[in-house]
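**Q**
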Amino acid sequence: MENLVLQALSGLASASSLFLVASGLTVIFGVSRVVNFAHGSFYMLGAYLAYTLVTHLPRGHLGFWGGVIGAAVLVGLIGLAVEMLLLRRIYRAPELFQLLATFGVVLIVQELTQMIWGAQDLLGPRAPGLRGSAEILGLRFPLYELFLIGVGPVVLGLLVLLFRRTRWGTLVRAATQDREMVGALGVNQRMLFTSVFFLGSLLAGLGGALQLPRESVNLHMDLSIITEAFVVVVVGGLGSLTGAALAALLIGELHAFGILIVPKITLVLVFLVMALVLVVRPHGLLGKPEAAARGGQGSAEPVIGPAPAALRWLALAALGLAVVVPPFLGDYAISVLTELATAVLFAASLHLIMGPGGMASFGHAAYFGLGAYGAALAAQWLGAPMLAGLALAPLAAGVFGLVFGYFCVRLSGVYAAMLTLAFAQIAWSVAFQWVEVTGGDNGILGVWPDAWAAPKLVFYYLALALCLGATLLLRRVVHAPFGYALRAQRDSALRAEAIGIDAFRIRWLGFALAAAAAGIAGGLFAYGKGSVFPTYMGIPRSVDALLMVLLGGVQTLSGPIIGALAFTGLQEQLVRLTDLWRLILGAVIVLLVLFFPQGLAGATRARWEARHGDA
Amino acid sequence: MATLEVTGLEKSFGGVRAVQGVSFSVAPGEMLALIGPNGAGKSTCFNMLNGQLRPDAGAVRLLGQDITGLAPRQVWRLGVGRTFQITATFGSMTVLENVQMALLSHHRRLGGLWRPVARMDAAPARALLERLGMADQAARPCGILAYGDLKRVELAIALANEPKLLLMDEPTAGMAPQERVSLMALTAQIARESGIAVLFTEHDMDVVFSHADRILVLDRGRLIAKGAPAVVRADPRVREVYLGSGAVTGAH
Numbered sequence: 005m006e007n008l009v010l011q012a013l014s015g016l017a018s019a020s021s022l023f024l025v026a027s028g029l030t031v032i033f034g035v036s037r038v039v040n041f042a043h044g045s046f047y048m049l050g051a052y053l054a055y056t057l058v059t060h061l062p063r064g065h066l067g068f069w070g071g072v073i074g075a076a077v078l079v080g081l082i083g084l085a086v087e088m089l090l091l092r093r094i095y096r097a098p099e100l101f102q103l104l105a106t107f108g109v110v111l112i113v114q115e116l117t118q119m120i121w122g123a124q125d126l127l128g129p130r131a132p133g134l135r136g137s138a139e140i141l142g143l144r145f146p147l148y149e150l151f152l153i154g155v156g157p158v159v160l161g162l163l164v165l166l167f168r169r170t171r172w173g174t175l176v177r178a179a180t181q182d183r184e185m186v187g188a189l190g191v192n193q194r195m196l197f198t199s200v201f202f203l204g205s206l207l208a209g210l211g212g213a214l215q216l217p218r219e220s221v222n223l224h225m226d227l228s229i230i231t232e233a234f235v236v237v238v239v240g241g242l243g244s245l246t247g248a249a250l251a252a253l254l255i256g257e258l259h260a261f262g263i264l265i266v267p268k269i270t271l272v273l274v275f276l277v278m279a280l281v282l283v284v285r286p287h288g289l290l291g292k293p294e295a296a297a298r299g300g301q302g303s304a305e306p307v308i309g310p311a312p313a314a315l316r317w318l319a320l321a322a323l324g325l326a327v328v329v330p331p332f333l334g335d336y337a338i339s340v341l342t343e344l345a346t347a348v349l350f351a352a353s354l355h356l357i358m359g360p361g362g363m364a365s366f367g368h369a370a371y372f373g374l375g376a377y378g379a380a381l382a383a384q385w386l387g388a389p390m391l392a393g394l395a396l397a398p399l400a401a402g403v404f405g406l407v408f409g410y411f412c413v414r415l416s417g418v419y420a421a422m423l424t425l426a427f428a429q430i431a432w433s434v435a436f437q438w439v440e441v442t443g444g445d446n447g448i449l450g451v452w453p454d455a456w457a458a459p460k461l462v463f464y465y466l467a468l469a470l471c472l473g474a475t476l477l478l479r480r481v482v483h484a485p486f487g488y489a490l491r492a493q494r495d496s497a498l499r500a501e502a503i504g505i506d507a508f509r510i511r512w513l514g515f516a517l518a519a520a521a522a523g524i525a526g527g528l529f530a531y532g533k534g535s536v537f538p539t540y541m542g543i544p545r546s547v548d549a550l551l552m553v554l555l556g557g558v559q560t561l562s563g564p565i566i567g568a569l570a571f572t573g574l575q576e577q578l579v580r581l582t583d584l585w586r587l588i589l590g591a592v593i594v595l596l597v598l599f600f601p602q603g604l605a606g607a608t609r610a611r612w613e614a615r616h617g618d619a
Numbered sequence: 465m466a467t468l469e470v471t472g473l474e475k476s477f478g479g480v481r482a483v484q485g486v487s488f489s490v491a492p493g494e495m496l497a498l499i500g501p502n503g504a505g506k507s508t509c510f511n512m513l514n515g516q517l518r519p520d521a522g523a524v525r526l527l528g529q530d531i532t533g534l535a536p537r538q539v540w541r542l543g544v545g546r547t548f549q550i551t552a553t554f555g556s557m558t559v560l561e562n563v564q565m566a567l568l569s570h571h572r573r574l575g576g577l578w579r580p581v582a583r584m585d586a587a588p589a590r591a592l593l594e595r596l597g598m599a600d601q602a603a604r605p606c607g608i609l610a611y612g613d614l615k616r617v618e619l620a621i622a623l624a625n626e627p628k629l630l631l632m633d634e635p636t637a638g639m640a641p642q643e644r645v646s647l648m649a650l651t652a653q654i655a656r657e658s659g660i661a662v663l664f665t666e667h668d669m670d671v672v673f674s675h676a677d678r679i680l681v682l683d684r685g686r687l688i689a690k691g692a693p694a695v696v697r698a699d700p701r702v703r704e705v706y707l708g709s710g711a712v713t714g715a716h
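Chains A and B, in that order, are what the protein sequence lines are. Counting along the first sequence from 1, when you hit position 460 you're at 464 in my numbering, and nothing is skipped either side. Counting along the second sequence from 1, when you hit position 242 you're at 706 in my numbering, and nothing is skipped either side.
1. Do you know whose CA, among A:Arg63, A:Leu245, A:Val277, lies nearest His623 of chain A's CA?
2. Can you tell me where the alpha helix (DSSP H) holding Phe515 of chain A begins and where it ends?
3. Excluding five sequence neighbours on each side, which residues of the same chain lie with their C-beta closer than 6 Å to the C-beta of Ala466 of chain B?
4. Would you list the residues sitting across from Ile593 of chain A in a DSSP beta bridge?
5. Assign Arg615 of chain A to one of two classes, buried (16 or more other C-beta atoms within 10 Å of its C-beta) or exposed (fewer than that).
6. Under a Cβ-count criterion, where at least 16 other Cβ atoms within 10 Å of its own Cβ denotes burial, should Val480 of chain B be classed as buried or exposed?
7. Do you know how far the Cα of Ala435 of chain A is from the Cα of Ala397 of chain A?
8. Cβ closer than 8 Å: which chain B residues qualify as neighbours of Arg480 of chain A?
9. Mind checking if Phe554 of chain B is an interface residue toward chain A, Cβ cutoff 7 Å exclusive?
10. At the 7 Å Cβ level, is Pro536 of chain B part of the contact set with chain A, yes or no?
11. Which first and last residues belong to the alpha helix (DSSP H) in which Arg194 of chain A is found?
12. Quick one: is Trp512 of chain A buried, meaning 16 or more other Cβ sit within 10 Å of its Cβ, or exposed?
13. Check the Cβ-Cβ distances between Glu501 of chain A and every residue of chain B, and say whether any is below 7 Å.
14. Just verifying my parser: in three-state terms, what is the DSSP assignment at Phe477 of chain B?
15. Using a beta-carbon distance below 7 Å, is Tyr47 of chain A in contact with chain B?
16. Based on Cα-Cα distance, which residue from A:Met195, A:Gly156, A:Pro459 lies nearest to Gly532 of chain A?
17. Identify whether Leu223 of chain A lies in helix, strand or coil by the three-state DSSP scheme.
18. Examine chain A for any beta-carbon lying closer than 7 Å to the beta-carbon of Arg541 of chain B, and answer yes or no.
19. Looking at the secondary structure, which residues open and close the beta strand (DSSP E) in which Gln680 of chain B lies?
20. Starting from Val702 of chain B, follow the alpha helix (DSSP H) in both directions and report where the run begins and ends.
21. Can you name the residues of chain A whose CB is closer than 9 Å to the CB of Glu561 of chain B?
22. Taking 7 Å as the CB-CB cut-off, is Ile565 of chain B touching chain A?
23. Locate the beta strand (DSSP E) running through Ser137 of chain A, then write down its first and last residues.
24. Starting from Pro3 of chain A, trace the alpha helix (DSSP H) both ways and give me its first and last residue.
25. Quick check on Thr442 of chain A: buried or exposed, where buried means 16 or more other Cβ atoms within 10 Å of its Cβ?
26. Is the CB of Leu468 of chain B under 7 Å away from at least one CB in chain A?
27. Could you check whether Thr508 of chain B and Val483 of chain B sit closer than 7 Å to each other, using their CB atoms as the reference points?
28. For Ser20 of chain A, does the count of other Cβ atoms within 10 angstroms reach 16, so buried, or fall short, so exposed?
29. Let me see if you follow: with CB-CB separation under 7 Å, is Arg481 of chain B close to chain A or not?
30. Cβ atoms of His675 of chain B and Met648 of chain B: under 7 Å apart, would you say?
31. From what residue to what residue does the alpha helix (DSSP H) around Ala428 of chain A run?
32. Please identify the residue among B:Met632, B:Arg703, B:Arg697, B:Val470 whose C-alpha is closest to the C-alpha of Phe664 of chain B.
33. Under a three-way DSSP split, which group does Gly302 of chain A fall into?
34. Span of the beta strand (DSSP E) holding Val544 of chain B?
35. Counting only Cβ pairs nearer than 7 Å, list the residues of chain A close to Pro605 of chain B.
36. Mapping the DSSP letters down to three states, classify Ala466 of chain B as helix, strand or coil.
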């Protein structure tokens with residue numbers, strides 16, 4: 005009994021810290037609609053800055069608390085700078101494009117943090133006056149945790165006061181409900197957005213700074229907190245402060261008790277709960293449906309036509325190179341090319357649902373990984389030959405695509421994307437924790453191609469043929485009635501329904517088709533590497549796919565192909581050439597976002613059309 | 465038999481009784497106008513006919529078949545075309561492709577994964593556009609079309625499934641006066657030729673009184689008058705509803 009109470013208390017302390025970060029994220033999203041990946045980086049910066057300030061300022065209350073507050077304000081200013089220098093310029097870019105920019109910021113911050121503070125974990129001093137512990141029901145409980153439990157509600161109270169009692173707060177609430185109307189009423193949106201970013205980043209920084217006495221400061225804090233914060237924000241309902249508080253409480257306690265009750269599935273518990281909440285309440289616990297976009301005509305996405313002759317020639321030339329050159333290359337270069345081929349198909353499959361389908365997926369790696377595991381498990385447990393494994397890969401991915409997609413495609417926007425993430429995490433944690441079957445973290449080794457395909461070059465040609473074939477097939481689908489139906493429901497759900505199109509069915513089948521295609525890529529990847537690991541389904545790989553599609557351009561068919569080649573190629577080269585690859589990759593992404601807001605292929609197309617008239 | 469028969473339609477939103485006990489019918493080839501001041505319940509009434517809203521009570525029959533509560537896409541399959549007050553078209557497709565989509569859906573060919581749309585149902589789509597005077601715009605994207613032209617595209621889409629009933633919510637809103645007259649004259653001509661029953665709402669009284677065979681007047685959710693234009697124009701209750709606006713006489 006006493007243990008349970010303490011467990012509940014430590015759950016409250018985690019909930020409190022989680023709320024600080026999530027509240028900033030939700031306020032920023034509510035007003036600017038930016039899915040801010042960099043929020044976790046701000047949290048990490050808060051912790052590092054607090055470490056530096058606290059260790060350099062004189063010891064004692066003033067030094068410690070001054071350092072914490074100072075760090076929070078500094079992070080707020082950094083957020084302000086990011087908004088003014090970067091995000092402000094791309095609010096008009098296609099939805100989710102800002103996500104790409106913030107991810108660039110994540111990479112840059114990671115590298116800079118490592119340069120400044122080094123790679124080793126840092127242990128900060130404990131909070132003066134809160135070093136000891138209190139006795140609760142005969143057991144000892146750290147005072148600092150008790151203090152944290154108090155911080156959450158106090159910050160919530162202050163924020164509520166700020167939003168209810170000040171003119172600025174009223175504007176923020178108004179903008180969260182209906183941004184367009186606030187603009188129409190003559191409110192200075194720039195100031196509003198910038199100040200909201202300052203506040204949100206400050207809260208993230210404060211959350212990070214307050215972790216200093218609790219845990220070591222390290223370089224993984226950014227990505228570990230951002231997923232949790234997103235879960236909290238989505239479960240609570242995007243833009244809802246009380247929702248975030250409620251969800252933080254739920255997730256914090258879930259963590260605390262999950263370990264006691266169901267230790268086997270702790271990793272997945274949070275995502276299971278998120279999936280459950282979203283299936284039952286598509287807008288989170290306290291969220292409201294977004295105000296419908298006005299303007300009547302809706303999207304004016306470009307028309308999709310056959311590729312111009314120049315592009316066909318370019319594609320043929322690239323294909324020619326891909327076929328002719330590899331025999332002259334070494335094994336390493338050939339396996340890089342094999343990887344590129346699978347990346348192209350992986351990106352093209354995600355593009356089908358993101359571009360024509362109009363749905364974002366934050367968990368597309370699940371289907372890549374399910375394809376890989378499908379092939380590997382068949383090889384390991386059934387002794388299946390390679391071709392059987394490769395046939396099973398899209399089947400496994402497609403079936404799970406049908407099951408997961410059934411729930412995901414009912415939702416819209418970020419909620420749908422987060423549900424795909426939840427399912428991907430569930431798949432990931434099954435692969436990670438079901439050690440008897442999947443080998444857990446050690447993965448499945450020895451997934452090698454059959455003897456005839458064992459030479460690297462032969463396998464490369466096989467991968468090229470299958471990936472290219474599947475990519476061209478997807479392209480064909482986009483030009484066929486099914487692809488048009490996908491675009492129809494994206495362009496106007498109202499009109500689609502009015503001409504007999506069942507949008508749910510079309511989205512569902514489109515999702516499953518994309519999953520199956522990603523499965524092919526995953527299966528080939530598994531045989532190419534000779535092994536599968538849970539990381540194949542991890543968030544970083546899903547983000548990679550997202551980056552490839554966005555980088556290439558969502559609204560062009562060649563976008564994902566170009567994006568996959570550019571991103572994978574660039575990353576591969578940078579990692580090999582320099583230790584600073586994250587800094588450079590991040591900077592490249594940020595620059596691309598600023599100068600090619602339609603993606604690489606989109607920008608090229610715009611240039612082309614400007615020169616050759618409306619295509 | 466009447467094409468559309470509506471009996472005792474009711475709909476409330478919270479405490480507001482938006483539509484109360486509305487009954488009427490439309491005959492093949494007939495142009496029936498549904499008019500009334502803002503907030504009278506026209507759009508609510510309309511949205512219950514094609515399944516966008518589920519009525520609280522009452523029945524909607526299409527050629528004798530009960531279609532109450534069916535989803536819009538099911539209602540469409542039974543032969544009901546629809547145009548919207550604020551046009552809804554596929555902005556990323558050309559005018560021709562928009563019409564092709566309706567035809568393909570009508571022929572249940574939307575599951576196709578292989579043959580490109582470019583070569584499917586293009587001829588009949590072109591013929592429909594020809595009929596509406598939009599053939600020269602066929603290759604333009606709907607996303608950049610003028611509003612009046614979009615209204616015509618919508619009509620072409622609505623005619624693609626050879627409908628028995630056309631529901632047009634303010635078909636001429638946002639159009640220039642000459643365009644309005646020609647579009648409605650064309651609609652009336654098509655309706656008579658093909659025996660299509662047309663139900664439309666409209667704010668422009670010129671359009672209503674020159675093209676409707678019969679008129680229904682809705683006020684605060686109730687039908688207060690129905691009949692031939694001359695009868696409705698003379699009805700004292702209608703005059704009362706529109707009093708001061710002078711709209712019934714055609715002036716603005």
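Ideal placement from N, C-alpha and C gives every residue a C-beta, glycine not left out. Quick caveat, the model's predicted, so the values are computed rather than measured.
**A** Here's the rundown:
1. The structure shown does not extend to residue 623 of chain A, since chain A is modelled only from 5 through 619, so no value can be given for it.
2. Taking the first residue of the first sequence as position 1, residue 515 of chain A is located at position 511. Looking at the DSSP string, the run of the alpha helix (DSSP H) that includes Phe515 of chain A is 507-533.
3. As a first step, residue 466 of chain B must be located in the second sequence, where it is residue number 2. Closer than 6 Å at the Cβ level, and outside the excluded window around Ala466 of chain B, lie Ser489, Ala491.
4. Residue mapping note: residue 593 of chain A aligns to position 589 of the first sequence, counting from 1. Per DSSP, none; premise fails for Ile593 of chain A.
5. For this step, residue 615 of chain A is matched to residue 611 along the first sequence. Exposed, by the Cβ-count rule.
6. By 1-based counting over the second sequence, the position of residue 480 of chain B is 16. Classified as exposed, Val480 of chain B has fewer than 16 neighbouring CB atoms from the shown chains inside 10 Å of its CB.
7. Reading the first sequence from its first residue, position 393 is the one you call residue 397 of chain A. Reading the first sequence from its first residue, position 431 is the one you call residue 435 of chain A. If you take the alpha carbons of Ala397 of chain A and Ala435 of chain A, they lie about 15 Å apart.
8. Here residue 480 of chain A refers to the residue found at position 476 of the first sequence. Leu577, Trp578, Pro580, listed in chain order.
9. Residue numbering aside, residue 554 of chain B sits at position 90 when the second sequence is read from its first letter. Yes, its Cβ sits closer than 7 Å to a Cβ of chain A.
10. Within the second sequence, residue 536 of chain B is the residue found at index 72, counting from 1. Taking Cβ atoms only, chain A reaches closer than 7 Å to Pro536 of chain B, which makes this a yes.
11. In the first sequence, counting from the first residue as 1, residue 194 of chain A sits at position 190. Arg194 of chain A -> alpha helix (DSSP H) spans 193-213.
12. Here residue 512 of chain A is taken as the residue at index 508 of the first sequence, counted from 1. Answer is buried; the Cβ neighbour count reaches 16.
13. The count along the first sequence starts at 1 and reaches residue 501 of chain A at position 497. Answer yes: the Cβ-Cβ gap between Glu501 of chain A and chain B drops below 7 Å somewhere.
14. On the second sequence, position 13 is the one that residue 477 of chain B refers to. Here Phe477 of chain B carries a strand assignment [DSSP, helix/strand/coil].
15. Numbered from 1 along the first sequence, position 43 holds the residue referred to as residue 47 of chain A. Not an interface residue.
16. Taking the first residue of the first sequence as 1, we reach residue 532 of chain A at position 528. Nearest option by C-alpha distance: A:Pro459.
17. Taking the first sequence and counting its residues from 1, one reaches residue 223 of chain A at position 219. Residue state, collapsed to three classes: coil.
18. As a first step, residue 541 of chain B is located in the second sequence; it is residue number 77 there, counting from the start. Yes, contact with chain A.
19. Stepping through the second sequence from its first residue, residue 680 of chain B is reached at position 216. Note on residue identity: the sequence assigns Leu, not Gln, to residue 680 of chain B. Judged by DSSP secondary structure, Leu680 of chain B falls within the beta strand (DSSP E) whose first and last residues are 678-683.
20. One-based indexing of the second sequence puts residue 702 of chain B at position 238. Unbroken alpha helix (DSSP H) run through Val702 of chain B: 700-705.
21. In the second sequence, counting from the first residue as 1, residue 561 of chain B sits at position 97. Here the neighbours are Val307, Tyr488.
22. Position 101 of the second sequence, counted from the start, is the residue given in the question as residue 565 of chain B. For the record, residue 565 of chain B in the displayed sequence is Met; it is not Ile. Taking Cβ atoms only, chain A reaches closer than 7 Å to Met565 of chain B, which makes this a yes.
23. The residue given as residue 137 of chain A occupies position 133 in the first sequence. Counting along the chain, the beta strand (DSSP E) containing Ser137 of chain A begins and ends at 137-140.
24. Residue 3 of chain A lies beyond the range of chain A shown here (5 to 619); nothing can be said about it.
25. Locating residue 442 of chain A in the first sequence gives position 438, where the first residue counts as 1. Per the 10 Å Cβ criterion, buried.
26. For the purposes of this step, residue 468 of chain B is taken as the residue at position 4 of the second sequence. Chain A has no Cβ within less than 7 Å of the Cβ of Leu468 of chain B.
27. Locating residue 483 of chain B in the second sequence gives position 19, where the first residue counts as 1. Locating residue 508 of chain B in the second sequence gives position 44, where the first residue counts as 1. Their beta carbons are under 7 Å apart, which means Val483 of chain B touches Thr508 of chain B by this criterion.
28. Counted from its first residue, the first sequence places residue 20 of chain A at position 16. Residue environment analysis places Ser20 of chain A among the buried positions, since at least 16 neighbouring C-beta atoms fall within 10 angstroms of its C-beta.
29. Start at 1 with the first residue of the second sequence, and residue 481 of chain B comes out as number 17. Not one chain A Cβ lies under 7 Å of Arg481 of chain B.
30. For this step, residue 648 of chain B is matched to residue 184 along the second sequence. For this step, residue 675 of chain B is matched to residue 211 along the second sequence. Cβ distance < 7 Å, so Met648 of chain B and His675 of chain B count as in contact.
31. Taking the first sequence and counting its residues from 1, one reaches residue 428 of chain A at position 424. It spans 417-437 - the alpha helix (DSSP H) in which Ala428 of chain A sits, taken as one unbroken run.
32. Residue numbering aside, residue 664 of chain B sits at position 200 when the second sequence is read from its first letter. Cα-wise, what sits closest to Phe664 of chain B is B:Met632.
33. Taking the first sequence and counting its residues from 1, the one referred to as residue 302 of chain A is at position 298. Caution is warranted here: a pLDDT of 41 is assigned to Gly302 of chain A, below 50, making its placement in the model unreliable, and no coordinate value can be reported.
34. Position 80 of the second sequence holds residue 544 of chain B. Start and end: 544-547.
35. The residue given as residue 605 of chain B occupies position 141 in the second sequence. Within chain A, the residues near Pro605 of chain B are Val307.
36. Translated into the one-based positions of the second sequence, residue 466 of chain B becomes position 2. Per DSSP, reduced to three states, the secondary structure at Ala466 of chain B is coil, with no helix or strand assignment.
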